[in-house]
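Engineer: Numbered per my numbering, the sequence shown spans residues 37 to 506.
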Amino acid sequence: MGNNAFKGGVSVRQESCYGRTAHTKCGLYLLASSLAAALVGGMCVVARWGGRVRMKAFLNIPRAILIRCVAVVTIGAAVLSDGAVTSVLAQTAAGQSLVEKTFPHSNKCKRCHERVYEEWETSPLAKSIHSPAFRASLDVYLNSAGGKDKTLCFRCHAPHVREFPDHAQLFVDQAKAGDPSLDGVACSQCHLIKHVDRAKHPPEPKYEIGGKTLYGPYQDFVQNLAHQSMELSLFQKSDLCLNCHQSVPSAVNLGKSNDLLGNWDQSRAIKSGKECQTCHMPQQVGESANGEKKRRIANHSFPGRIGKLRQEAAKLDVQTKVDGDKTTVMVKVQSLVPHNLPATHPAWAAVALNLDIKGKNLRTVFSDKRVYGRTYLDAQGQKTPFDFEAAKVVEDTVLKPEETREETFTFPTPKDTKTFDVEVALHYAPLNGPASFLQRVEAESSQGSQDPVFQPIEIVKRTENIPVGK
Ligand code: HEC
Ligand code: HEC
Ligand code: HEC
Ligand code: HEC
Ligand code: HEC
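1) So V232 and N279 are in contact, right, with Cβ under 8 Å, and what is the actual spacing, rounded?
2) Here's the rule: buried if 16 or more other CB atoms are within 10 angstroms of the residue's CB, otherwise exposed. What is A213?
3) Is V221 close to ligand 4? I mean its beta-carbon at under 8 Å from any heavy atom of the ligand.
4) Let me check one thing: in DSSP terms, what residues is S403 bridge-paired to?
5) Which residue marks the beginning of the beta strand (DSSP E) containing G322, and which one marks its end?
6) Over the uninterrupted beta strand (DSSP E) stretch that includes S224, give me the two end residues.
7) My output table needs one value for E442: the three-state DSSP class, helix, strand or coil.
8) By how many angstroms is the C-alpha of D487 removed from the C-alpha of A350?
9) Check whether the stretch 437-446 and the stretch 360-378 are in contact - that is, three or more C-beta pairs closer than 8 Å.
10) Could you round the C-beta distance between H193 and I165 to whole angstroms and report it? I think they count as a contact, below 8 Å.
11) Taking 8 Å as the threshold, find out whether the stretch 164-184 comes into contact with the stretch 263-276 through three or more Cβ pairs.
12) Mapping the DSSP letters down to three states, classify R234 as helix, strand or coil.
13) Can you determine whether any heavy atom of ligand 1 sits closer than 8 Å to the C-beta of K146, and answer yes or no?
14) Could you check if V373 belongs to the surroundings of ligand 5, using beta carbon to heavy atom distance under 8 Å?
15) From the DSSP secondary-structure annotation, give me the bridge partner or partners of S265.
16) Measure the CB-CB distance between A428 and L296 and report whether it falls below 9 Å.
17) Taking 9 Å as the threshold (C-beta atoms), are D452 and D392 in contact?
18) Assess contact between the stretch 350-359 and the stretch 159-176, defined as three or more Cβ pairs (one per stretch) separated by less than 8 Å. Is contact present?
19) Using the Cα positions of T455 and V354, report the straight-line distance between them to the nearest angstrom.
20) Quick check on G505: does DSSP put it in helix, strand or coil?
21) To the nearest angstrom, how far is it from the Cα of M317 to the Cα of V504?
22) Please confirm if the stretch 408-426 is in contact with the stretch 327-337, defined as three or more CB-CB distances below 8 Å between the two stretches.
23) What number of angstroms, rounded off, separates the C-alpha of W85 from the C-alpha of K248?
24) Taking buried to mean at least 16 other C-beta atoms within 10 Å of its own C-beta, is P201 buried or exposed?
25) Does the stretch 460-479 touch the stretch 389-409, meaning 3 or more C-beta pairs lie closer than 8 Å?
26) According to the Cβ coordinates, are Y243 and F271 closer than 9 Å?
27) By how many angstroms is the C-alpha of S403 removed from the C-alpha of V434?
28) Under 8 Å from any heavy atom of ligand 1, does the C-beta of N468 make it?
29) Report the three-state DSSP secondary structure of V258 (helix, strand or coil).
30) Going by the beta-carbon positions, is the gap between F445 and T364 smaller than 9 Å?
31) Tell me whether Q319 counts as near ligand 1, meaning its Cβ is closer than 8 Å to at least one heavy atom of that ligand.
32) Measuring alpha carbon to alpha carbon, tell me which residue in A235, I245, P239 is nearest L228.
33) Taking buried to mean at least 16 other C-beta atoms within 10 Å of its own C-beta, is V197 buried or exposed?
34) If we call anything under 9 Å between Cβ atoms a contact, is T411 one with V430?
35) Alpha carbon to alpha carbon, what distance is there between V401 and Y153?
36) From E480 to Q210, what does the alpha carbon distance come to, in whole angstroms?
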């Protein structure tokens with residue numbers, strides 16, 4: 037407990053709380069008696085989830101007033117309440133309010149964890165059931181021969197479906213609507229995980245539901261009224277991530293051959309003590325909750341395809357040999373990633389190495405590429421990019437953890453020029469799949485063929501100017 041105002045977990049100061057935001061002292065002060073009664077073994081039991089506080093006009097109150105004590109208590113107590121309160125929620129189905137009683141919506145956490153929320157909001161995780169590609173592929177899946185289990189895609193894209201299998205249709209409807217109000221992979225979807233069972237393949241999260249505790253990395257957390265806190269070492273371990281990132285359940289009969297991360301645990305990075313969080317939730321110093329003391333915090337923008345981490349993904353070494361009419365380019369692609377690249381859905385979301393030779397007037401005179409991904413056969417022996425139809429992996433070219441791959445390209449030496457450019461670029465390839473599927477994605481997207489999934493995302497690029505010589 038890094039705060040002087042607390043003794044044994046309870047605030048004993050009775051000061052005015054004006055000017056504080058998420059601050060817990062306010063709440064503790066106001067609820068001191070019930071709090072004391074609820075004290076268990078030195079651990080504080082604070083506000084009850086499901087409190088009966090009305091907060092109708094609340095969302096419209098300016099922040100200046102919000103940060104007063106009373107407001108804070110009200111927010112706090114209402115965070116995990118049944119949600120029949122705001123106008124937005126009032127419009128939604130009973131199913132959704134049931135789901136959100138158990139897995140409070142992320143916008144309830146935003147009030148006190150503004151920084152975390154804003155980071156998370158920019159991450160791909162915040163849009164895990166929003167994208168046109170998701171809608172289109174969900175539809176392909178549901179209409180496929182094996183598409184009976186409506187929960188399948190949501191097990192990773194909106195994992196609280198695991199606790200509500202009878203409401204799977206709600207998740208489907210929301211995703212299909214294109215602008216779901218239901219969370220996908222949000223705050224409670226991770227912070228209610230108490231255990232990850234790695235004996236299962238894929239590993240399974242065990243949620244602690246119906247309680248009041250959110251799990252996290254801190255042992256010395258400050259008390260607050262909205263929820264109880266508990267430290268779990270799981271939150272600093274790769275295990276937490278594995279239940280969604282290790283393998284796809286539909287293709288489980290493919291066994292190891294379809295593991296998404298490969299032998300990540302044998303990589304130098306992991307053996308030297310790094311966890312997924314080390315790279316994908318880099319540590320910084322700041323406030324964990326609004327107005328609280330500065331401490332070690334974790335970035336929630338989950339850098340990957342987006343963000344600077346990409347520059348650490350791979351190195352390219354390019355050697356060009358002009359031999360009369362024939363030129364050979366040798367490219368060494370050194371993956372610095374401690375797991376497979378690409379990692380997830382490697383058939384439709386591949387990585388590609390492109391070679392472009394630019395001769396006179398920088399006109400492209402030769403192009404070639406190598407694709408790093410997987411090719412599946414379905415039960416009928418036809419090629420399919422969809423892992424949910426896969427019966428067999430026929431080709432696997434994904435870059436393995438920390439692998440160096442050598443590629444050789446040979447082509448006629450460009451003519452009528454003294455020099456030519458060799459451009460080599462490694463990038464995430466645009467979405468791949470049957471034309472009907474791609475058209476469907478395009479039709480679903482407000483940006484049409486400009487949808488981001490159709491754009492390559494560059495990882496690393498090298499350009500060299502080569503003299504043709506004599
Ligand atoms: C409940 C399932 C789930 C858990 C747990 C989970 N993820 Fe993810 N993660 C996803 C999904 C789904 C996406 C893709 C969202 C999208 O793009 O639609 C994703 C995307 C990502 C991305 C972005 C990838 C990219 O292409 O940029 C990163 C990085 C990531 N997760 C890291 C982590 C880390 C680190 C952990 C553990 C702390 C973790 N994830 C835990 C489901 C999960
Ligand atoms: C094992 C967990 C898991 C399952 C099951 C799963 N996904 Fe994903 N999915 C992910 C992760 C993780 C990513 C992020 C990939 C990345 O960016 O590296 C992702 C990314 C995607 C993307 C690209 C990002 C986007 O939102 O446009 C689509 C589309 C997608 N998944 C569709 C599906 C569909 C449809 C299903 C069901 C058939 C499904 N997924 C099942 C984990 C899963
Ligand atoms: C009334 C304000 C308030 C609300 C609302 C709130 N929290 Fe917190 N939360 C706090 C405070 C204060 C801390 C302690 C921060 C510290 O110790 O620096 C905290 C700590 C945490 C921790 C760290 C726990 C640990 O032991 O590591 C997690 C995780 C967390 N909150 C998640 C959430 C989630 C998820 C929600 C939404 C369901 C939420 N919080 C809503 C105030 C709040
Ligand atoms: C994919 C899983 C995942 C999601 C989604 C997620 N968190 Fe976290 N969160 C973690 C992990 C893992 C840590 C611990 C990271 C560490 O210490 O290395 C953490 C740490 C925290 C902490 C303490 C450290 C800090 O940065 O303040 C708070 C508070 C927190 N999360 C709140 C939230 C809230 C609020 C949301 C939603 C806006 C959210 N988390 C979404 C996995 C997640
Ligand atoms: C040593 C740092 C490091 C560690 C540890 C690490 N990664 Fe990565 N990861 C990377 C880099 C670098 C990339 C490539 C960045 C990019 O997406 O361009 C990446 C990419 C990803 C992607 C996006 C790849 C894709 O195909 O879209 C996901 C998802 C991911 N990592 C998940 C994980 C998970 C889960 C773990 C833990 C098992 C983990 N990472 C551990 C460095 C790391």
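Note that the Cβ used here is the ideal one computed from N, Cα and C, for glycine as well.
Here the structure is a predicted model, which is why all the values come from computation and not from measurement.
Structural biologist: On the basis of the supplied data:
1) So it is a contact: roughly 5 Å between Cβ atoms.
2) By the Cβ-count criterion, A213 is exposed, with fewer than 16 other Cβ atoms from all chains shown falling within 10 Å of its own Cβ.
3) Yes, the Cβ of V221 comes within 8 Å of a heavy atom of ligand 4.
4) Note: S403 sits in a beta bridge opposite D392.
5) From DSSP, the beta strand (DSSP E) with G322 extends over 319-323.
6) The continuous stretches of beta strand (DSSP E) do not include S224, which lies in the alpha helix (DSSP H) extending over residues 223-227.
7) Three-state DSSP puts E442 in a strand.
8) Using only the alpha carbons, I get a separation of about 26 Å.
9) The answer is yes - the stretch 360-378 touches the stretch 437-446, with three or more Cβ pairs under 8 Å.
10) Yes, H193 and I165 are in contact; Cβ-Cβ is about 5 Å, under 8 Å.
11) A contact is defined here as three or more CB-CB pairs under 8 Å, and the stretch 164-184 fails this definition with respect to the stretch 263-276.
12) DSSP places R234 outside both helix and strand once states are collapsed to three, so it counts as coil.
13) No - ligand 1 has no heavy atom lying nearer than 8 Å to the Cβ of K146.
14) At least one heavy atom of ligand 5 sits closer than 8 Å to the Cβ of V373.
15) The partner list for S265 (beta bridge, DSSP) reads L250.
16) According to the sequence displayed, residue 428 carries Lys and not Ala. If you check the CB distance, K428 and L296 do not come in under 9 Å.
17) The answer is no: Cβ separation not under 9 Å.
18) With a cut-off of 8 Å, the stretch 159-176 and the stretch 350-359 do not count as touching, because too few Cβ pairs lie within range.
19) A direct Cα-to-Cα measurement between T455 and V354 gives close to 16 Å.
20) DSSP places G505 in coil when its eight states are reduced to three.
21) The alpha-carbon of M317 is positioned some 47 Å away from that of V504.
22) Too few Cβ pairs lie closer than 8 Å, so no.
23) Residue placement at W85 cannot be trusted, given a pLDDT of 29 that sits under 50; what the coordinates show is reported in the next sentence. Each residue's Cα considered, the two are about 6 Å apart.
24) Exposed is the call here.
25) Judged by Cβ distances under 8 Å, the stretch 389-409 makes contact with the stretch 460-479, as three or more pairs qualify.
26) Taking a C-beta distance under 9 Å as the contact criterion, Y243 and F271 do not qualify as a contact pair.
27) Taken atom to atom, the span from the alpha-carbon of V434 to that of S403 is near 21 Å.
28) Answer for N468: no, Cβ out of range of ligand 1.
29) Note: V258 maps to coil in three-state DSSP.
30) Between F445 and T364, the C-beta gap is smaller than 9 Å, which places the two residues in contact.
31) No, the beta carbon of Q319 sits no closer than 8 Å to any heavy atom of ligand 1.
32) Comparing alpha carbon positions, the residue from A235, I245, P239 closest to L228 is I245.
33) The Cβ neighbour count for V197, taken over all protein chains shown within 10 Å, is at least 16; the residue is labelled buried.
34) Contact flag set, yes.
35) Taking the CA atoms as reference points, Y153 sits about 48 Å from V401.
36) Between E480 and Q210, the C-alpha separation is close to 14 Å.
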